[in-house]
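Asker: Numbering (my numbering), first residue to last: 405 to 740. Glycine included, each C-beta is placed from N, C-alpha and C at the ideal position. Next up is a structure, given as structure tokens.
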């Protein structure tokens, strides 16, 4: 199994294996998983040249099978059942198989994980692509300001704060730093605009980038706008690809949660992201001005589940109030 983000070279390596075998006069069957499922569905059509049973049998018994883009397919119960049958058969027969995937193996269902992590038969190679073109390894062009937000320039010794407020802000800082060093579970940073929650969430992402680790920062209203734009014929990225990249990224920051338009469509899309990451227990940071009572119950129940999530209220005022105070108290400059 070759696992890694788009562009890391896993498909090239898998195709090279097939080409080398063919060059040696040996059989090899290369299929992208979405194409394979389309071929299987087409086999139920009487007008299709190759019936379903024959297609499935050819793939199932191929001397060498290469399944590219595993996990990109639509995860319908039928598709999942066919892939489970295929993997289970080749596993039990110990038939040579190469699988490429952009997903973490931990995201697959337990039955599939058991087979793909069996060290007596399987080997997993993780490939990484740290190119700036990958949204999981660098900031998008519209988020240049975020590049400057780090733990080093986060000030939790702010003026005009009580001792209790400074302690609260320092605790938030330590929680964010601990998460950045070892991402696990969910943290929900709550607080008013300017309290520092976005800076801390952004610092986590920058810390991961410095370590060459993947992370994705998403401003929720903009994410929904991007999703809508994929329905345009001129869109350069498909809806499924964009949605799944956010849904399945190893570490996700959802910034400004609750600022989006509360349409049924928007609520459903966000619930799908939250529910998937909740079930997969994928590390997630959320920033919001809302209390849990103000968030839709399906989502707030997951935000408030202490088995996986920790809501943290940053109880300090807008940082811009400190800036105004400093300007007000600054002695007037003397002109020569």
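1) I'd like to confirm the pairing. Which residues does DSSP put opposite residue 689 in its beta bridges?
2) Between which two residues does the beta strand (DSSP E) containing residue 472 stretch?
3) I need the straight-line Cα distance from residue 526 to residue 697, nearest angstrom please.
4) At a cut of 8 Å, does the segment 466-476 reach the segment 428-442 through at least three beta carbon pairs?
5) Roughly how many whole angstroms lie between the Cα atoms of residue 423 and residue 652?
6) Count the other C-beta atoms from every protein chain shown that fall within 10 angstroms of the C-beta of residue 688, then say buried if there are 16 or more, exposed otherwise.
7) Here's a check: name, in chain order, each residue in its chain whose Cβ is nearer than 6 Å to the Cβ of residue 474, leaving out the five neighbours to either side.
8) By Cβ distance below 6 Å, which residues in the same chain neighbour residue 599 in space, the five residues on each side in sequence not counted?
9) Report yes or no: do the segment 406-425 and the segment 447-465 share at least 3 C-beta pairs separated by less than 8 Å?
10) Taking contact to mean at least 3 C-beta pairs separated by less than 8 Å, is the segment 621-634 in contact with the segment 661-670?
11) Once the 5 residues before and after residue 462 are set aside, which same chain residues still bring their CB inside 7 Å of it?
12) Mind the definition here: the segment 647-664 touches the segment 607-620 only if three or more C-beta pairs lie below 8 Å; say whether that holds.
13) When the Cα of residue 530 is compared with those of 409, 541, 576 and 572, which residue comes out closest?
14) Can you look up residue 683 in the DSSP assignment and give me helix, strand or coil?
15) Bridge partners of residue 714, per DSSP?
16) Put residue 623 into one of helix, strand or coil per three-state DSSP.
17) Who are the Cβ neighbours of residue 534 in its own chain at under 7 Å, not counting the five residues just before and after it?
18) Short of 7 Å in beta carbon distance, which residues of its chain neighbour residue 708, apart from the five on each side in sequence? Order them along the chain.
19) Out of 684, 417, 610 and 609, which has the shortest C-alpha to C-alpha gap to residue 514?
20) Distance check for residue 575 and residue 568, CA to CA, integer angstroms please.
21) Could you pull out every residue in the same chain whose Cβ sits closer than 8 Å to the Cβ of residue 498, ignoring the five residues on either side in sequence?
22) Expressed to the nearest angstrom, what Euclidean distance is found between the alpha-carbon atoms of residue 407 and residue 723?
23) What residues in its chain sit with their C-beta under 6 Å from that of residue 602, if we drop five residues either side in the sequence?
24) Looking at residue 555: is its Cβ nearer than 8 Å to the Cβ of residue 607?
25) Among residues of its own chain, excluding the 5 on either side of residue 507, which ones have a beta-carbon nearer than 6 Å to its beta-carbon?
26) So, with DSSP's three-state summary, where would you put residue 560?
27) Whole angstroms are fine: how far does the CA of residue 676 sit from the CA of residue 480?
28) Could you check if residue 518 is buried or exposed, using at least 16 other CB atoms within 10 Å of its CB as the buried criterion?
29) Applying the criterion that 16 or more other CB atoms from any shown protein chain within 10 Å of the CB defines a buried residue, is residue 487 buried or exposed?
30) What separation, rounded to the nearest whole angstrom, lies between the Cα atoms of residue 552 and residue 644?
31) For residue 407, does the three-state DSSP call read helix, strand or coil?
32) For residue 604, count neighbouring C-beta atoms within 10 Å of its own C-beta (all shown protein chains included) and say buried if the count is 16 or more, exposed if not.
33) Would you mind reading off the limits of the alpha helix (DSSP H) that contains residue 463?
34) Can you tell me whether residue 412 is buried or exposed, with buried defined as 16 or more other CB within 10 angstroms of its CB?
Answerer: Once the coordinates are examined:
1) Within the chain shown, numbered from 1, the residue matching residue 689 stands at position 285. Partner(s): 591 and 657.
2) Here residue 472 is taken as the residue at index 68 of the chain shown, counted from 1. Looking at the DSSP string, the run of the beta strand (DSSP E) that includes residue 472 is 469-474.
3) Within the chain shown, residue 526 is the residue found at index 122, counting from 1. Within the chain shown, residue 697 is the residue found at index 293, counting from 1. Each residue's Cα considered, the two are about 47 Å apart.
4) The answer is yes - the segment 428-442 touches the segment 466-476, with three or more Cβ pairs under 8 Å.
5) Here residue 423 corresponds to residue number 19 of the chain shown, with the count starting at 1. Here residue 652 corresponds to residue number 248 of the chain shown, with the count starting at 1. Their Cα atoms are separated by approximately 31 Å.
6) In the chain shown, the residue the question calls residue 688 occupies position 284. Buried.
7) Sequence index remark: in the chain shown, residue 474 carries index 70 (1-based). Excluding positions up to five away in sequence, the list reads 437, 503 and 505.
8) Residue numbering aside, residue 599 sits at position 195 when the chain shown is read from its first letter. Here the set comprises 718 and 720.
9) no
10) The answer is yes - the segment 661-670 touches the segment 621-634, with three or more Cβ pairs under 8 Å.
11) On the chain shown, position 58 is the one that residue 462 refers to. Answer for residue 462: no residue qualifies.
12) yes
13) What you label residue 530 is simply residue 126 of the chain shown in a count that begins at 1. Comparing Cα positions, the closest option is 409.
14) Residue 683 sits at position 279 when you count from the first residue of the chain shown. In the structure shown, residue 683 sits in a helix (DSSP, three-state: H, G or I).
15) For this step, residue 714 is matched to residue 310 along the chain shown. BP columns for residue 714 point to 591.
16) Within the chain shown, numbered from 1, the residue matching residue 623 stands at position 219. Strand.
17) Your numbering for residue 534 matches position 130 in the chain shown. Unreliable placement is indicated for residue 534, whose pLDDT of 47 sits below 50; no coordinate value is reported for it.
18) Here residue 708 corresponds to residue number 304 of the chain shown, with the count starting at 1. The residues are 696 and 715.
19) Looking up residue 514 in the chain shown gives position 110. The residue with the shortest Cα to Cα distance from residue 514 is 684.
20) Within the chain shown, numbered from 1, the residue matching residue 568 stands at position 164. Within the chain shown, numbered from 1, the residue matching residue 575 stands at position 171. Looking at the two C-alpha atoms, the distance is approximately 11 Å.
21) Position 94 of the chain shown, counted from the start, is the residue given in the question as residue 498. Counting only Cβ-Cβ distances below 8 Å, and skipping sequence neighbours, we find 525.
22) Residue 407 sits at position 3 when you count from the first residue of the chain shown. Residue 723 sits at position 319 when you count from the first residue of the chain shown. Roughly 42 Å separates the two Cα atoms.
23) Residue numbering aside, residue 602 sits at position 198 when the chain shown is read from its first letter. The residues are 659 and 691.
24) Your numbering for residue 555 matches position 151 in the chain shown. Your numbering for residue 607 matches position 203 in the chain shown. Yes; because the gap between Cβ atoms is below 8 Å, this pair is in contact.
25) Walking along the chain shown from the start, residue 507 turns up at place 103. Closer than 6 Å at the Cβ level, and outside the excluded window around residue 507, lie 475 and 652.
26) As a working mapping, residue 560 is identified with position 156 in the chain shown. Here residue 560 sits in coil by DSSP.
27) The residue labelled residue 480 in the question sits at position 76 within the chain shown. The residue labelled residue 676 in the question sits at position 272 within the chain shown. Straight-line Cα distance between these residues: approximately 15 Å.
28) To locate residue 518, count along the chain shown from 1; it is residue 114. Residue 518 is exposed by the Cβ-count criterion.
29) Here residue 487 refers to the residue found at position 83 when the chain shown is read from its first residue. Residue 487 comes out buried.
30) Taking the first residue of the chain shown as 1, we reach residue 552 at position 148. Taking the first residue of the chain shown as 1, we reach residue 644 at position 240. Straight-line Cα distance between these residues: approximately 31 Å.
31) Within the chain shown, residue 407 is the residue found at index 3, counting from 1. Note: residue 407 maps to strand in three-state DSSP.
32) The residue given as residue 604 occupies position 200 in the chain shown. By the neighbour-count rule (16 or more Cβ atoms within 10 Å), residue 604 is buried.
33) Residue mapping note: residue 463 aligns to position 59 of the chain shown, counting from 1. Its alpha helix (DSSP H) spans residues 456-464.
34) Taking the first residue of the chain shown as position 1, residue 412 is located at position 8. It is buried - the Cβ of residue 412 has at least 16 other Cβ atoms within 10 Å.
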